[in-house]
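2 protein chains.
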Amino acid sequence: MNIGLLGHGTIGIGVDRIIKKRTDMAVTKVMSLVMDDEIGDRLAASIDEIVNDPEIDTVVEVMGGVHPAFEFVSAALKHGKNAVTANKALVAACYEELVALAKENNVTFRCTASVGGSIPWLINIERANRVNPVESLGGIMNGTTNFIMSAMTNEGADFDETLKKAQELGYAEKDPSADIDGPDVRRKLSISLNVAFGVLTGEEEIPTAGLRYVTAEDVKNAKAMGRTIKLIASAERKDGVISATVEPAFLTGDEVMASIPSNFNLVWYRGEDCDLQCFVGQGAGRFPTAYNVVEDLVDLTEGRTGFYTDSFTPASIDNSNVFRPYYVRSAVTDEYLASVTETTGEGYVITRPVNVAEMHAYIKAQIENGNPVFAASV
Amino acid sequence: MNIGLLGHGTIGIGVDRIIKKRTDMAVTKVMSLVMDDEIGDRLAASIDEIVNDPEIDTVVEVMGGVHPAFEFVSAALKHGKNAVTANKALVAACYEELVALAKENNVTFRCTASVGGSIPWLINIERANRVNPVESLGGIMNGTTNFIMSAMTNEGADFDETLKKAQELGYAEKDPSADIDGPDVRRKLSISLNVAFGVLTGEEEIPTAGLRYVTAEDVKNAKAMGRTIKLIASAERKDGVISATVEPAFLTGDEVMASIPSNFNLVWYRGEDCDLQCFVGQGAGRFPTAYNVVEDLVDLTEGRTGFYTDSFTPASIDNSNVFRPYYVRSAVTDEYLASVTETTGEGYVITRPVNVAEMHAYIKAQIENGNPVFAASV
Numbered sequence: 000m001n002i003g004l005l006g007h008g009t010i011g012i013g014v015d016r017i018i019k020k021r022t023d024m025a026v027t028k029v030m031s032l033v034m035d036d037e038i039g040d041r042l043a044a045s046i047d048e049i050v051n052d053p054e055i056d057t058v059v060e061v062m063g064g065v066h067p068a069f070e071f072v073s074a075a076l077k078h079g080k081n082a083v084t085a086n087k088a089l090v091a092a093c094y095e096e097l098v099a100l101a102k103e104n105n106v107t108f109r110c111t112a113s114v115g116g117s118i119p120w121l122i123n124i125e126r127a128n129r130v131n132p133v134e135s136l137g138g139i140m141n142g143t144t145n146f147i148m149s150a151m152t153n154e155g156a157d158f159d160e161t162l163k164k165a166q167e168l169g170y171a172e173k174d175p176s177a178d179i180d181g182p183d184v185r186r187k188l189s190i191s192l193n194v195a196f197g198v199l200t201g202e203e204e205i206p207t208a209g210l211r212y213v214t215a216e217d218v219k220n221a222k223a224m225g226r227t228i229k230l231i232a233s234a235e236r237k238d239g240v241i242s243a244t245v246e247p248a249f250l251t252g253d254e255v256m257a258s259i260p261s262n263f264n265l266v267w268y269r270g271e272d273c274d275l276q277c278f279v280g281q282g283a284g285r286f287p288t289a290y291n292v293v294e295d296l297v298d299l300t301e302g303r304t305g306f307y308t309d310s311f312t313p314a315s316i317d318n319s320n321v322f323r324p325y326y327v328r329s330a331v332t333d334e335y336l337a338s339v340t341e342t343t344g345e346g347y348v349i350t351r352p353v354n355v356a357e358m359h360a361y362i363k364a365q366i367e368n369g370n371p372v373f374a375a376s377v
Numbered sequence: 000m001n002i003g004l005l006g007h008g009t010i011g012i013g014v015d016r017i018i019k020k021r022t023d024m025a026v027t028k029v030m031s032l033v034m035d036d037e038i039g040d041r042l043a044a045s046i047d048e049i050v051n052d053p054e055i056d057t058v059v060e061v062m063g064g065v066h067p068a069f070e071f072v073s074a075a076l077k078h079g080k081n082a083v084t085a086n087k088a089l090v091a092a093c094y095e096e097l098v099a100l101a102k103e104n105n106v107t108f109r110c111t112a113s114v115g116g117s118i119p120w121l122i123n124i125e126r127a128n129r130v131n132p133v134e135s136l137g138g139i140m141n142g143t144t145n146f147i148m149s150a151m152t153n154e155g156a157d158f159d160e161t162l163k164k165a166q167e168l169g170y171a172e173k174d175p176s177a178d179i180d181g182p183d184v185r186r187k188l189s190i191s192l193n194v195a196f197g198v199l200t201g202e203e204e205i206p207t208a209g210l211r212y213v214t215a216e217d218v219k220n221a222k223a224m225g226r227t228i229k230l231i232a233s234a235e236r237k238d239g240v241i242s243a244t245v246e247p248a249f250l251t252g253d254e255v256m257a258s259i260p261s262n263f264n265l266v267w268y269r270g271e272d273c274d275l276q277c278f279v280g281q282g283a284g285r286f287p288t289a290y291n292v293v294e295d296l297v298d299l300t301e302g303r304t305g306f307y308t309d310s311f312t313p314a315s316i317d318n319s320n321v322f323r324p325y326y327v328r329s330a331v332t333d334e335y336l337a338s339v340t341e342t343t344g345e346g347y348v349i350t351r352p353v354n355v356a357e358m359h360a361y362i363k364a365q366i367e368n369g370n371p372v373f374a375a376s377v
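Respectively, the protein sequence lines represent chains A and B.
The numbers in this note's numbering rise by one with no breaks, and the one at position 56 of the first sequence is 55.
The numbers in this note's numbering rise by one with no breaks, and the one at position 186 of the second sequence is 185.
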């Protein structure tokens with residue numbers, strides 16, 4: 000297998016180094032914005048040089064971002080090359096087009112590393128679906144926020160200083176919004192549920208609340224109830240209706256997810272026969288992510304083709320039947336909050352079970368009005 | 000795919016019911032000691048009727064026990080039929096012979112459900128090894144003892160009453176020794192490390208201590224140190240030397256394994272690139288176990304053949320370089336225990352790091368001498 004590698008940053012260098020130890024595949028051309036010694040004479044001047052190279056049968060895309068990754072991967076597929084990517088932004092945004100393009104050109108498109116980093120997640124969903132349909136799934140899909148919440152829980156620290164520490168350690172980006180506001184998790188949940196349920200849904204349909212406004216006080220309040228705060232993704236298909244949310248949750252201390260440390264991820268699915276299956280591993284990082292990219296490549300050499308599911312039915316997210324009680328800390332008690340409050344604590348309330356879409360709309364409106372509400376399902 | 004099913008008990012009925020919902024395979028003959036309505040006219044009079052049936056291409060063995068399971072599976076392989084089993088006793092005892100026989104007859108032998116029940120364990124070890132060799136593995140491999148330890152930890156109950164409750168709930172056998180003395184875990188660890196490291200070792204080489212003598216006092220002492228007691232399997236290959244133990248361990252409260260509830264299993268492996276990977280699921284039970292049997296069958300229909308590893312190098316377990324501190328509660332303080340004691344608590348001691356084989360030999364001798372010592376690595 001001869002590979003054209005698009006991107007030679009954190010993940011790209013990892014992929015390159017792992018493949019250098021193998022005899023069944025080689026990276027023969029590399030596209031990179033930055034030249035480095037490891038690339039040597041493999042540097043390609045343009046995507047054309049890679050897609051027109053008849054020796055290259057497979058393209059690995061680890062540049063990140065939707066554009067020009069989409070155009071490059073599309074060009075590769077159109078030229079009859081298999082494509083493997085770790086790029087969740089690309090997969091979440093262009094899932095349908097890329098799979099269709101791969102099918103049209105009779106090649107394979109795989110993206111196991113795009114959700115859960117090192118975790119054998121999408122491929123085990125694919126496996127489970129062969130025997131029992133996955134009915135629900137979810138988990139802790141973002142290592143940065145899990146690192147922040149673990150540190151806040153263990154050390155009683157406040158959000159801003161913990162985020163700063165995470166940035167210094169390289170766990171969080173300079174602009175942390177994709178992690179702390181939830182879109183990174185929303186993307187991974189969208190890919191997961193589309194693969195698991197064999198559907199096409201838009202990620203923007205998933206109600207998403209992040210951790211930007213969590214405080215040491217919230218962590219303390221959760222602890223007093225024997226709970227741990229985590230940012231949780233979840234999705235379910237029941238009687239053909241798909242529901243999904245991304246939101247902070249108060250987990251009881253004895254739940255496995257409550258004990259997932261540092262920057263690890265936990266993802267889970269449930270099926271009728273296999274029951275609950277959880278997977279824990281590094282959700283990011285050079286070698287863990289590159290590892291799963293190379294696993295996809297080995298699958299290709301072993302003749303495993305296609306996407307993770309054969310069915311791609313357009314579908315919508317419908318949360319109208321999902322009700323949960325919420326912890327809400329708000330500087331203002333308005334009419335709505337008063338109407339759903341069941342118990343009142345110092346500076347916060349616990350609501351009766353309310354519709355999740357309704358609560359997410361309320362949180363969003365409050366934040367837009369300058370009231371930094373923090374809410375978490377209980 | 001036409002299947003001859005050996006055994007129609009808990010797991011066998013599960014396999015039969017899951018396959019009845021499928022169109023790509025059918026159970027056409029059943030061997031069972033007990034006739035039931037679900038078997039109908041498929042009851043086979045003898046193993047000969049199954050292995051001589053040219054319509055049957057695959058045999059599923061879920062009878063349990065080494066004999067006559069070994070003779071039956073051997074006969075099937077010799078007659079050119081693939082074999083799938085969930086029987087850990089069989090795999091642990093006859094690993095080498097069965098794999099050799101399958102290779103000789105150009106058929107497949109798979110046993111994913113034999114370790115971890117529903118968990119995609121052996122197949123993910125196989126997958127990881129394609130990119131980075133598994134370096135170490137372990138976990139909580141017995142749901143019965145995990146149920147007992149969870150109940151003792153949560154309720155402060157004593158061992159005997161909790162065991163009795165587990166027996167009433169069907170989680171523990173009438174003769175619980177395979178679970179509580181450790182041989183069940185030892186078997187699963189032996190299969191796991193043989194597959195992971197591509198070796199042939201005897202299960203009896205693994206030093207094994209169980210939970211028979213754990214008391215509510217031990218649980219209380221562990222809690223006072225912020226620890227939780229679990230029965231833990233672990234194995235490592237380092238510089239070509241394989242070490243392995245099965246023993247109770249004091250886990251810190253924030254370890255993921257410490258929070259595995261009820262009768263769930265957690266198994267983990269670690270590789271250089273993929274780092275730590277954990278899998279949590281039901282380790283036993285009708286449908287969870289049957290589920291993984293059917294997954295093996297689907298793999299066969301998709302042309303995945305062979306065992307989980309190509310290498311079968313005879314090897315020994317060597318713990319001479321493994322040292323750990325131990326919690327030891329003993330009615331007697333003898334010279335040896337005094338010589339390794341680092342700190343003393345009420346009725347127990349914590350030792351300095353001692354060689355694990357040495358400590359296991361000491362525990363065994365004490366118990367044989369009528370002193371029911373409980374020891375756990377700390």
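Backbone N, C-alpha and C fix where the C-beta goes; we use that ideal spot for every residue, glycine too.
None of the values given here were measured: they were computed from a predicted structure.
- prompt: With a cut-off of 8 Å, does the C-beta of B:R126 fall near any C-beta of chain A?
  reply: Here residue 126 of chain B refers to the residue found at position 127 when the second sequence is read from its first residue. Cβ-Cβ to chain A under 8 Å: yes for B:R126.
- request: Going by CA-CA distance only, name the one from A:D36, A:A43, A:D35 that's closest to A:L4.
  value: One-based indexing of the first sequence puts residue 4 of chain A at position 5. The option with the nearest alpha carbon to A:L4 is A:A43.
query: What residue range is occupied by the uninterrupted beta strand (DSSP E) comprising B:R185?
result: As a working mapping, residue 185 of chain B is identified with position 186 in the second sequence. B:R185 -> not in any beta strand (DSSP E); alpha helix (DSSP H) instead, spanning 182-196.
Range covered by the alpha helix (DSSP H) that runs through A:Y325: By one-based count along the first sequence, residue 325 of chain A stands at place 326. Not the alpha helix (DSSP H): A:Y325 falls in the beta strand (DSSP E), residues 325-328.
field: chain A contact for B:R129 (CB, 8 Å cutoff)
entry: Against the second sequence, residue 129 of chain B aligns to sequence position 130. So, interface residue.
- request: Determine, using beta-carbon pairs with one atom in the stretch 132-148 of chain A and one in the stretch 268-286 of chain A, whether at least three such pairs fall under 8 Å.
  value: yes
message: So with CB distances below 7 Å, who are the chain B contacts of A:N123?
response: Start at 1 with the first residue of the first sequence, and residue 123 of chain A comes out as number 124. Within chain B, the residues near A:N123 are P119.
- prompt: Taking 8 Å as the CB-CB cut-off, is A:F71 touching chain B?
  reply: Counted from its first residue, the first sequence places residue 71 of chain A at position 72. Judged by the 8 Å Cβ criterion, A:F71 is not in contact with chain B.
task: To the nearest angstrom, report how far apart B:Y325 and A:A195 are at their CA atoms.
output: The sequence position of residue 325 of chain B within the second sequence is 326, counting from 1. The sequence position of residue 195 of chain A within the first sequence is 196, counting from 1. Distance between the alpha carbons of B:Y325 and A:A195 is about 45 Å.
message: Give me the chain B residues within the contact set of A:A289, using Cβ-Cβ distance strictly less than 8 Å, ordered along the chain.
response: Indexing the first sequence from 1 puts residue 289 of chain A at position 290. Here the neighbours are D272.
message: One question on the structure: do B:N368 and B:P206 come within less than 8 Å of each other, judged by their Cβ atoms?
response: Within the second sequence, residue 368 of chain B is the residue found at index 369, counting from 1. Within the second sequence, residue 206 of chain B is the residue found at index 207, counting from 1. No; because the gap between Cβ atoms is not below 8 Å, this pair is not in contact.
query: Where does A:F311 fall in DSSP's three states?
result: The residue given as residue 311 of chain A occupies position 312 in the first sequence. Three-state result, A:F311: coil.
message: With H, G and I counted as helix, E and B as strand and the rest as coil, what does DSSP make of B:K77?
response: Start at 1 with the first residue of the second sequence, and residue 77 of chain B comes out as number 78. DSSP places B:K77 in helix when its eight states are reduced to three.
- prompt: By how many angstroms is the C-alpha of B:G11 removed from the C-alpha of A:L100?
  reply: Position 101 of the first sequence, counting from 1, holds the residue named residue 100 of chain A. Position 12 of the second sequence, counting from 1, holds the residue named residue 11 of chain B. Their Cα atoms are separated by approximately 43 Å.
- prompt: On the three-state DSSP scale, how would you describe A:S338?
  reply: Within the first sequence, numbered from 1, the residue matching residue 338 of chain A stands at position 339. A:S338: helix per DSSP, three-state reduction.
- request: Starting from the Cα of A:K164, find the closest Cα among A:S113, A:V50, A:Y290, A:S261 and give me that residue.
  value: Translated into positions along the first sequence, residue 164 of chain A becomes position 165. Here the closest residue by C-alpha is A:S261.
- prompt: Can we say the stretch 148-156 of chain B touches the stretch 286-297 of chain B, given the rule of at least three CB pairs closer than 8 Å?
  reply: no
message: Strictly below 9 Å CB to CB, what residues from chain A border B:Q276?
response: Counted from its first residue, the second sequence places residue 276 of chain B at position 277. Residues of chain A passing the Cβ test: S117, I118, P119, F278, V279, G280, Q281.
field: Limits of the unbroken beta strand (DSSP E) element including B:V297
entry: The residue labelled residue 297 of chain B in the question sits at position 298 within the second sequence. Careful: B:V297 lies outside any beta strand (DSSP E), inside the alpha helix (DSSP H) at 285-300.
A:L168, DSSP secondary structure in three states: The residue you call residue 168 of chain A lines up with position 169 of the first sequence. Looking at A:L168 - three-state DSSP - the assignment turns out to be coil, as it is neither helix nor strand.
task: Would you identify the three-state DSSP class for A:V83, choosing helix, strand or coil?
output: Walking along the first sequence from the start, residue 83 of chain A turns up at place 84. In the structure shown, A:V83 sits in a strand (DSSP, three-state: E or B).
- request: In the DSSP assignment, find the unbroken beta strand (DSSP E) run with B:I139 in it and report its ends.
  value: The count along the second sequence starts at 1 and reaches residue 139 of chain B at position 140. Start and end: 133-139.
- prompt: Can the beta-carbon of A:S242 be found closer than 8 Å to that of A:V321?
  reply: Counting from 1 along the first sequence, the entry for residue 242 of chain A is found at position 243. Counting from 1 along the first sequence, the entry for residue 321 of chain A is found at position 322. Cβ distance < 8 Å, so A:S242 and A:V321 count as in contact.
- request: Check whether the Cβ atoms of B:G228 and B:D238 sit closer than 8 Å, and answer yes or no.
  value: Start at 1 with the first residue of the second sequence, and residue 228 of chain B comes out as number 229. Start at 1 with the first residue of the second sequence, and residue 238 of chain B comes out as number 239. It is Ile, not Gly, that sits at residue 228 of chain B in the sequence shown. It is not a contact, given that the beta carbons lie outside the stated cut-off.
message: Whether or not the stretch 58-65 of chain B and the stretch 79-90 of chain B are in contact is what I'm after, with contact meaning three or more pairs of Cβ atoms, one per stretch, closer than 8 Å; do they touch?
response: yes
query: Does the Cβ of A:N51 have 16 or more other Cβ atoms within 10 Å, making it buried, or fewer, making it exposed?
result: To locate residue 51 of chain A, count along the first sequence from 1; it is residue 52. The residue is exposed, with fewer than 16 neighbouring Cβ atoms inside 10 Å.
B:F311 at chain A interface by Cβ criterion, 8 Å: Counted from its first residue, the second sequence places residue 311 of chain B at position 312. It does not; no Cβ of chain A falls within 8 Å.
field: Contacts that B:V255 makes with chain A (C-beta to C-beta distance below 9 Å)
entry: Against the second sequence, residue 255 of chain B aligns to sequence position 256. Those are V255, S258, I259, P260, F263, L265, V279, listed as they occur along chain A.
- request: Give me the Cα-Cα distance between A:T251 and A:T152, rounded to the nearest whole angstrom.
  value: Residue numbering aside, residue 251 of chain A sits at position 252 when the first sequence is read from its first letter. Residue numbering aside, residue 152 of chain A sits at position 153 when the first sequence is read from its first letter. Cα-Cα distance, rounded: 13 Å.
message: Can you give me the C-alpha to C-alpha distance between A:F311 and A:L121, rounded to a whole angstrom?
response: Position 312 of the first sequence holds residue 311 of chain A. Position 122 of the first sequence holds residue 121 of chain A. Their backbone Cα atoms lie some 15 Å apart in a straight line.
- prompt: Nearest-angstrom Cα distance between A:T350 and B:T9?
  reply: The residue given as residue 350 of chain A occupies position 351 in the first sequence. The residue given as residue 9 of chain B occupies position 10 in the second sequence. The alpha-carbon atoms of A:T350 and B:T9 are separated by roughly 44 Å.
query: Taking the alpha-carbon positions, what's the B:R328 to B:L265 distance?
result: Taking the first residue of the second sequence as position 1, residue 328 of chain B is located at position 329. Taking the first residue of the second sequence as position 1, residue 265 of chain B is located at position 266. Distance between the alpha carbons of B:R328 and B:L265: 27 Å.
- request: Would you mind sorting B:K80 into buried or exposed? The rule is 16 or more other CB atoms within 10 Å of its CB.
  value: Counting from one through the second sequence, the residue named residue 80 of chain B turns up at place 81. Buried: at least 16 other Cβ atoms inside 10 Å.
query: For the stretch 10-32 of chain B, which residues have a beta carbon sitting closer than 7 Å to at least one beta carbon of chain A?
result: I17
field: Contact set for A:V33: own chain, Cβ-Cβ below 6 Å, skip 5 residues either direction
entry: Locating residue 33 of chain A in the first sequence gives position 34, where the first residue counts as 1. Within the same chain, A:V33 has no close Cβ partners at all.
task: Taking only runs that begin and end inside the stretch 37-66 of chain A, name each unbroken alpha helix (DSSP H) of 4 or more residues, in chain order.
output: 46-50
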